[in-house]
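Okay, so here's the structure we're looking at.
Residue numbers (the UniProt record's numbering): 1 to 318.
So, in structure tokens, the structure goes:
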């Protein structure tokens, strides 16, 4: 029997598994195993909304129970486990099972693969994404509640980072609390600068932020590096001398690809930025590993690092 192992049940991984479930049959004699450390799919796209809306936060955690159609459950399954090591010559991946308490349980196990798909994603400021070392639902809900409470109390909010997340966060806060003073600080000369978007898009974006009276400061960065969200009244200075007073500081940045498995297997396949090197077919960029693929945020493929594109890559590969 041929076995496809997918590491990660986020947008890229679960879409790959679901599309394989649609196309494979028992006659294909193929097994698909998804190794996912969390017991639920965390709806990252809704995190900014969940930071101001407690009711919405309840829908952020989607169980994997019904992710795979029952008709395909005999050959496509999701295993609650964390991958720890790849042995490419043996075509084996080592993993630790995860118990009901979301902690490692038992001894490490090995799984043979014919094809390996790495959809390990990225880390980001908690709770926009879950803490990679403490990903229980209770912990994430507590972090969301902390941010909601601090936003509610704050009169002035500083959002550090004007990417898609920072703009979404500003919009959600102003929609819920229109009288709050919200400032976006972006080091680049334009918002959402990572993606090449149309002039019309940027015109509409700035018009929407202006209508909500969101302050936008472009081309400046803080002289002090923030390690994460901060909930204290402070006056911070930018490299151009601008002083910004705020009650809380929300860090909407810190994107970091998760490439540890490949770093340990073959460091030459990891860029200086921490991304996994792939070719146009999403295979590792070395013919030795033509049966190993990397998708979504973890790879250096030039598609935008957005959920839509990660999901699309999963479908494409399947």
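All C-beta atoms, glycine included, are put in the ideal place defined by N, C-alpha and C.
Exercise. Which full runs of the beta strand (DSSP E) of 3+ residues lie inside the stretch 8 to 92, going along the chain?
Worked result: 30 to 36, 40 to 42, 61 to 63, 76 to 87
For this session: Can you give me the Cβ contacts of residue 326 inside the same chain, cut-off strictly under 7 Å, excluding the 5 residues immediately before and after it?
Result: Given that the chain is displayed from residue 1 to residue 318, the structure contains no residue 326 and the question cannot be resolved.
Exercise. Hey, how far is the Cα of residue 180 from the Cα of residue 141?
Worked result: Counting from 1 along the chain shown, the entry for residue 180 is found at position 180. Counting from 1 along the chain shown, the entry for residue 141 is found at position 141. Each residue's Cα considered, the two are about 24 Å apart.
Problem set entry | CA-to-CA distance, residue 105 to residue 89, given in whole angstroms | The residue you call residue 89 lines up with position 89 of the chain shown. The residue you call residue 105 lines up with position 105 of the chain shown. Residue 89 and residue 105: Cα-Cα distance of roughly 27 Å.
For this session: Report back the beta-carbon spacing between residue 147 and residue 51 to the nearest angstrom; my notes put them in contact at under 8 Å.
Result: Against the chain shown, residue 147 aligns to sequence position 147. Against the chain shown, residue 51 aligns to sequence position 51. The Cβ separation is near 5 Å, so the contact holds.
Problem set entry | Endpoints, the alpha helix (DSSP H) within which residue 317 is located | Looking up residue 317 in the chain shown gives position 317. Element bounds for residue 317: 307 to 317.
For this session: Name the residue from 165, 284, 43, 152 whose alpha carbon lies nearest to the alpha carbon of residue 57.
Result: On the chain shown, position 57 is the one that residue 57 refers to. Comparing Cα-Cα distances from residue 57 to each of 165, 284, 43, 152, the minimum goes to 43.
Problem set entry | Residues bridged to residue 293 (per DSSP) | Counting from one through the chain shown, the residue named residue 293 turns up at place 293. In the DSSP output, where bridge partners are listed per residue, residue 293 has 117, 283.
Problem set entry | Endpoints, beta strand (DSSP E) assigned at residue 331 | The displayed coordinates of the chain run from 1 to 318. Any statement about residue 331 would go beyond what the structure contains.
Exercise. Should residue 289 be counted as a contact of the ligand GTP given a C-beta to heavy atom distance under 8 Å?
Worked result: Questions concerning the ligand GTP fall outside what the structure shown contains, since it holds no ligand whatsoever.
Problem set entry | C-alpha distance - residue 159 paired with residue 65, whole-angstrom precision | Walking along the chain shown from the start, residue 159 turns up at place 159. Walking along the chain shown from the start, residue 65 turns up at place 65. The alpha-carbon atoms of residue 159 and residue 65 are separated by roughly 36 Å.
Problem set entry | Opening and closing residue of the alpha helix (DSSP H) in which residue 319 lies | The chain is shown from 1 up to 318; residue 319 falls before or after that span and cannot be answered.
For this session: Check the DSSP bridge columns for residue 260 and list the partner residues they point to.
Result: Here residue 260 corresponds to residue number 260 of the chain shown, with the count starting at 1. Residue 260 pairs with nothing; no bridge assigned.
Problem set entry | Identified DSSP bridge partners for residue 134 | Within the chain shown, the letter at position 134 stands for residue 134. According to DSSP, residue 134 bridges with 131.
For this session: Per DSSP, which residues does residue 240 bridge with? Please list them.
Result: Counting from one through the chain shown, the residue named residue 240 turns up at place 240. DSSP lists no partner for residue 240.
Exercise. Among the residues of its own chain, which have a CB less than 8 Å from the CB of residue 45, if the five just before and after it don't count?
Worked result: By one-based count along the chain shown, residue 45 stands at place 45. Cβ neighbours of residue 45 beyond the five flanking positions: 307.
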